[in-house]
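Below is one structure, written out as structure tokens; the observations come after it.
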Amino acid sequence: MIPPVKRTVVLAVTVDRPEPEVIERAAEVLRSGGLVAFPTETVYGLGANALDAAAVRRIFEAKGRPADDPVIVHLASADELGRVARRVPAVARRLAEAFWPGPLTLLLPRAAAVPLEVTAGLDTVGVRVPDHPVALALISAAGVPIAAPSANRFGHTSPTLAEHVLADLEGRVDVVLDAGPTPYGVESTVLDLSSGRPRVLRPGGVSVEALEQVLGRRVGVGRRGGPGRSPGMLARHYAPSARLELFEGPSEAALAAMRARAEALLRQGSRVGLLVAREDLERLGLAEHDRRLTVEVLGSERDLAEVARRLYAGLRRLDALQADVILARTFGREELGLAIADRLRRAAARRRRVAGTRPPQAESA
Ligand code: TXA
Ligand code: MG
85 MIPPVKRTVV
95 LAVTVDRPEP
105 EVIERAAEVL
115 RSGGLVAFPT
125 ETVYGLGANA
135 LDAAAVRRIF
145 EAKGRPADDP
155 VIVHLASADE
165 LGRVARRVPA
175 VARRLAEAFW
185 PGPLTLLLPR
195 AAAVPLEVTA
205 GLDTVGVRVP
215 DHPVALALIS
225 AAGVPIAAPS
235 ANRFGHTSPT
245 LAEHVLADLE
255 GRVDVVLDAG
265 PTPYGVESTV
275 LDLSSGRPRV
285 LRPGGVSVEA
295 LEQVLGRRVG
305 VGRRGGPGRS
315 PGMLARHYAP
325 SARLELFEGP
335 SEAALAAMRA
345 RAEALLRQGS
355 RVGLLVARED
365 LERLGLAEHD
375 RRLTVEVLGS
385 ERDLAEVARR
395 LYAGLRRLDA
405 LQADVILART
415 FGREELGLAI
425 ADRLRRAAAR
435 RRRVAGTRPP
445 QAESA
């Protein structure tokens with residue numbers, strides 16, 4: 085455990101036209117080995133110069149992250165790939181062209197310039213070009229590739245607002261660039277290209293369906309076992325402090341089970357938080373006046389982008405209200421539904437109660 089060592093400076097920055105002097109101030113902190121939290125299109129990242137081993141170690145210290153969990157490297161453009169990857173297979177080029185800038189992380193052979201701290205000793209490096217004007221301006225101004233995991237304490241819910249970063253890392257990061265909420269709300273898709281068939285190790289902002297369309301072939305989902313541990317692969321991750329129980333939706337049976345569980349908990353005197361779709365409100369028909377019940381509406385079940393965008397903030401809000409138990413439901417497995425289900429499952433790991441017949445799947449991502 086390292087003690088908090090400094091004051092965190094929060095700098096507001098405009099999303100569409102990042103102020104050059106603000107960006108330059110943050111870039112200078114990065115160049116001199118400091119930590120800058122910055123918005124990407126997915127979540128806020130905790131950035132450091134990816135080519136500076138000491139700076140990268142500070143990321144791990146600040147997050148309380150175990151050293152054997154690799155960090156993603158962010159570039160301003162695919163033209164910079166040669167700085168971090170030894171070799172770029174044709175399939176990676178094709179994917180980069182289709183999805184960058186955007187929420188897709190490609191695992192590529194690590195170039196010698198990338199310290200082993202970044203890749204946790206692995207021979208592959210995760211790389212992406214984020215689709216956010218502030219992130220791109222910052223990386224360009226820094227002039228170096230930027231290593232950045234999500235800007236939360238290890239294992240905790242990822243930050244989609246600068247306030248979330250401060251709640252977890254105040255005093256542990258030099259600068260926080262505040263550009264408001266991040267547009268995707270779930271992290272990038274991590275794609276392994278190291279063996280024959282491309283495999284999604286972590287579902288995210290780019291869907292499996294979209295990858296398959298560009299590649300013209302099936303894409304595997306989930307880790308095959310073998311080497312290369314990933315923190316996003318841990319069964320319990322992205323977690324709030326309250327207990328989270330998950331109901332596999334969308335189905336009438338799941339909602340009925342959720343309702344019965346909420347009523348039982350309320351009868352016991354528990355404070356209950358519900359994480360649901362707008363459409364669920366009527367279907368659940370729960371007693372509206374119970375003050376121990378808080379309902380967090382993520383959005384319409386027909387707009388998974390909206391659900392994803394609000395997911396982590398919703399979890400944090402229910403946590404802040406000190407719910408004893410959070411009840412949530414999944415949104416199917418298609419498109420963004422897969423990433424949403426993955427994060428909810430990890431947030432609920434070992435504590436969940438699943439309605440229906442599907443057994444828990446710890447390695448589903
Ligand atoms: O959207 C995102 O990816 C955000 C923003 C800030 O870019 N970053 C993020 O980083 O979510 P992090 O560190 O919280 O998650 C990175 C994931 C982990 O599951 C990690 O194991 C995996 O990517 N990863 C990174 N490099 C890897 C490698 N060389 N081999 C296997 N997995 C890797
Ligand atoms: Mg993370």
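Counted from 1, the sequence shown has number 181 at position 97 by my numbering; the numbering is strictly sequential. Ideal Cβ placement from N, Cα and C applies to all residues, glycine included.
Cβ-heavy atom distance, residue i to the ligand MG, below 7 Å
i, result
"Pro-187", "no"
"Pro-233", "yes"
"Ser-242", "yes"
Distance cut-off 7 Å: residue i Cβ against heavy atoms of the ligand TXA
i, result
"Ala-389", "no"
"Gly-210", "yes"
"Asp-153", "yes"
"Leu-114", "no"
"Gly-129", "yes"
"Leu-261", "no"
Residue from the options with nearest C-alpha to residue i
i, options, result
"Val-274", "Arg-307, Val-249, Asp-252", "Arg-307"
"Ala-132", "Pro-324, Leu-422, Ala-231", "Ala-231"
"Glu-103", "Pro-217, Leu-130, Ala-404", "Pro-217"
"Thr-244", "Ser-279, Asp-262, Ser-354", "Asp-262"
Proximity below 8 Å, CB of residue i to CB of residue j
i, j, result
"Arg-115", "His-158", "no"
"Gly-398", "Leu-382", "yes"
"Leu-135", "Ala-197", "yes"
"Val-228", "Pro-154", "no"
"Ala-344", "Leu-358", "no"
"Glu-363", "Glu-385", "yes"
"Val-303", "Glu-296", "yes"
"Leu-188", "Thr-208", "no"
"Ala-146", "Val-270", "no"
"Gly-117", "Ala-139", "yes"
Enclosing beta strand (DSSP E) for residue i [first to last residue]
i, result
"Glu-329", "327-331"
"Pro-123", "120-123"
"Val-209", "208-212"
"Pro-104", "Careful: Pro-104 lies outside any beta strand (DSSP E), inside the alpha helix (DSSP H) at 104-115."
Supposed close pair residue i, residue j - CB separation, criterion 8 Å
i, j, result
"Thr-126", "Tyr-268", "5 Å"
"Gly-416", "Pro-334", "6 Å"
"Ala-169", "Ala-195", "6 Å"
"Val-360", "Asp-258", "With 8 Å as the limit, Val-360 and Asp-258 do not qualify as a contact, their Cβ atoms being about 39 Å apart."
"Ile-410", "Ala-326", "5 Å"
Any chain D beta carbon closer than 8 Å to residue i
i, result
"Arg-178", "Note that chain D does not occur in the displayed structure, where there is just one protein chain."
Residue interval of the alpha helix (DSSP H) (run including residue i)
i, result
"Asp-403", "388-404"
"Glu-217", "Note on residue identity: the sequence assigns Pro, not Glu, to residue 217. Run containing Pro-217: 217-226, per the alpha helix (DSSP H) assignment."
"Ala-423", "420-432"
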